[in-house]
Amino acid sequence: MKFAKFLAVPMVIGFMTLPLTAMAHTPLFSCFDNADGTIYCEGGFSDGSTAAGVPVIVKNGKGEEIQRLVLSRTSDVEFEKPKGNYSVTFDGGEGHSIEIPGSQIFE
Amino acid sequence: MKKGFILAGLITLFSAASALAHFQMIYTPQSALETGGELNLKLVFTHPFDADHTMDMEPVQEFYVIHQRGEEGEARKTDLKEFLHEISWKSLGNEGKAYEAKIPSRVMRSMGDYVFVLVPSPYLEGDDEYIQQYTKMIMNVGGVPGNWHEPVGLPVEIVPLDKPYANWTGGVFRGVVMANGEPVPHAQLEIEYLNHEPDMRRNAFKKRPGIKAPHPAFEAMGIRANANGEFTIGLPKAGWWGIAVPDLIETEYNDIDMVKEAVLWIQVTDIK
Chain A
278 MKFAKFLAVP MVIGFMTLPL TAMAHTPLFS CFDNADGTIY CEGGFSDGST
328 AAGVPVIVKN GKGEEIQRLV LSRTSDVEFE KPKGNYSVTF DGGEGHSIEI
378 PGSQIFE
Chain B
433 MKKGFILAGL ITLFSAASAL AHFQMIYTPQ SALETGGELN LKLVFTHPFD
483 ADHTMDMEPV QEFYVIHQRG EEGEARKTDL KEFLHEISWK SLGNEGKAYE
533 AKIPSRVMRS MGDYVFVLVP SPYLEGDDEY IQQYTKMIMN VGGVPGNWHE
583 PVGLPVEIVP LDKPYANWTG GVFRGVVMAN GEPVPHAQLE IEYLNHEPDM
633 RRNAFKKRPG IKAPHPAFEA MGIRANANGE FTIGLPKAGW WGIAVPDLIE
683 TEYNDIDMVK EAVLWIQVTD IK
C-alpha cells in the first residue's frame, strides 16, 4: 500500500507534465503520393521528438473516416490511395491536429 | 619616384591578396525549405566576399548527404557523386572549373535535416602547398530537426551549436572546431559574407555587392575559438556566411605539404 502511494505521486506529476511538454512544440506532418497507388505520410515535432504512435485518420470527400492508422516507430505510415476526394489527418490531440487535403498531396 | 609607386602598388596588391580567404562553397538559395523536392546545388571554390577569383576544382573525392528526421530518427547517408557534373563558374575576374549537383526529389523528399558534405580534391596553391577544405552545408525540410548538431566524423569539421539554417539577422551563431574528433583550443577562424549573390541560371556571381567593407579586416574577419574550441559570431546581415578554419591538420599529398581545413556555411534571414 505504501509502495502504491509512493508510486502514485510521481505518476500524477508525470501525467500532469506530459501534456504540458507536448504543447511546447509544434506538430509537423507531410504526405506524398508514391505514384504506385499508395500514399506515404510522415510526422514529427519541431523539437525533434518522435511522433510514433500518433493516430492518422484518412477521410473520404464527405469527411467520413475510412481508415484509422498509427504512425510507426519511425514516425511514418503508408496506405492505399483512396479513390476520389480524400484527406489525411495527423491526430496529435487538441490543438495538435493537422489535416492535409488529398488535392495537396503530390508525387 | 617611379620605383616608389611600383613598390607602393606591390604592397597594396599584397595587402589586398592577403585579406582574401579561400572558401569551398556548397550553394543553394534557400536552406530552410517548407517542402522537399528537386534541389540544385553549386560547388564553387572561390573568395566569397569579393567574388573576384574562382579556383579550378578537380573531380571531387566525396560528396554525400546525411539525412535524419527527428532526434531519434535513423541517420541515412546517400552518395551524391552520381548527380555531379562539371560547369564553368564566372567570377568577377575570371572563370573557373566548378560543379553542379541536380539532386532528385527522391533524395530530398522527407522532412528533417540534410547535412551535405563535400571533400574536394586537394587544391595546389602555388607550387608548394595543397589545401583540402572539408565543407558542410546543412538544410532542413519541413521544420523537423534531426542531425544538424551531430559531428559527421570528418578529420576536420565545424560542429554547429545553433541550427545553421535558422538564424535571424542580429542573432549569433555558435559552433565548435574539431580536428580528429577533438575540439581545437584557440583555433583561428575566418568569416566571410557571400557578398555577390550567385546567379543559379548563369553560373555566375552577380556584379553588385551586398555590402562594402571599410577595411580589409572586414572582408575576411579573423576570430579565435576559446579554450574548448567553441566560437560565437554575430550575424549582422541576411544572406550566407562562410566560416573557415585554416591549417587544422598539416600532412602531405603527392610529396608536397598539405593542410586540411574545415568550412561551414550558414544562412541568415531578416525578421519581417
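Which chain is which? The protein sequence lines are A and B, in order.
Count along the first sequence from 1, then add 277; that gives the number in the working numbering.
Count along the second sequence from 1, then add 432; that gives the number in the working numbering.
Ideal Cβ positions, reconstructed from N, Cα and C, are used throughout, including at glycine.
| query | result |
| --- | --- |
| With C-beta atoms as the reference, is residue 561 of chain B less than 7 Å away from residue 689 of chain B? | yes |
| Based on Cα-Cα distance, which residue from B:656, B:642, B:541 and B:627 lies nearest to residue 608 of chain B? | B:656 |
| In the structure shown, what three-state DSSP assignment does residue 534 of chain B receive? | strand |
| Am I right that residue 555 of chain B and residue 477 of chain B are in contact with their C-beta atoms under 8 Å? What's the rounded C-beta distance? | 7 Å |
| At a CB-CB cut-off below 7 Å, which residues of chain A make contact with residue 541 of chain B? | 309 |
| Short of 8 Å in beta carbon distance, which residues of its chain neighbour residue 525 of chain B, apart from the five on each side in sequence? Order them along the chain. | 484 and 485 |
| Give, in chain order, every residue of the region 313-344 of chain A whose Cβ lies closer than 9 Å to some Cβ of chain B. | 317, 319, 320, 321, 322, 323, 324, 325, 326, 327, 328 and 329 |
| So residue 515 of chain B and residue 534 of chain B are supposed to be a Cβ contact under 8 Å. How far apart are they, rounded? | 6 Å |
| Could you check what DSSP says for residue 383 of chain A in three-state terms: helix, strand or coil? | coil |
| So what does residue 473 of chain B bridge to, in DSSP terms? | B:533 |
| By Cβ distance, which residues of its chain are closer than 6 Å to residue 309 of chain A, with the 5 residues on each side in sequence left out? | 317 |
| So with CB distances below 7 Å, who are the chain B contacts of residue 305 of chain A? | 543, 574, 575 and 576 |
| Classify residue 702 of chain B: buried if its beta carbon has 16 or more other beta carbons within 10 angstroms, exposed otherwise. | exposed |
| Going along chain B in order, which residues have a C-beta closer than 8 Å to the C-beta of residue 407 of chain A? | Summary: the structure shown does not reach residue 407 of chain A, with chain A confined to residues 278 through 384, and so no result is reported for it. |
| At a Cβ cut of 9 Å, what residues of the region 583-610 of chain B count as close to chain A, listed as they run along the chain? | none |
| Run down chain B in chain order and give the residues with a C-beta less than 8 Å from the C-beta of residue 352 of chain A. | 501, 502 and 505 |
| Using DSSP with H/G/I as helix, E/B as strand and the rest coil, what is residue 481 of chain B? | coil |
| Residues of chain A with CB closer than 8 Å to the CB of residue 467 of chain B, please, in chain order. | 307 |
| Within 8 Å, do at least three Cβ pairs link the region 572-580 of chain B to the region 627-639 of chain B? | no |
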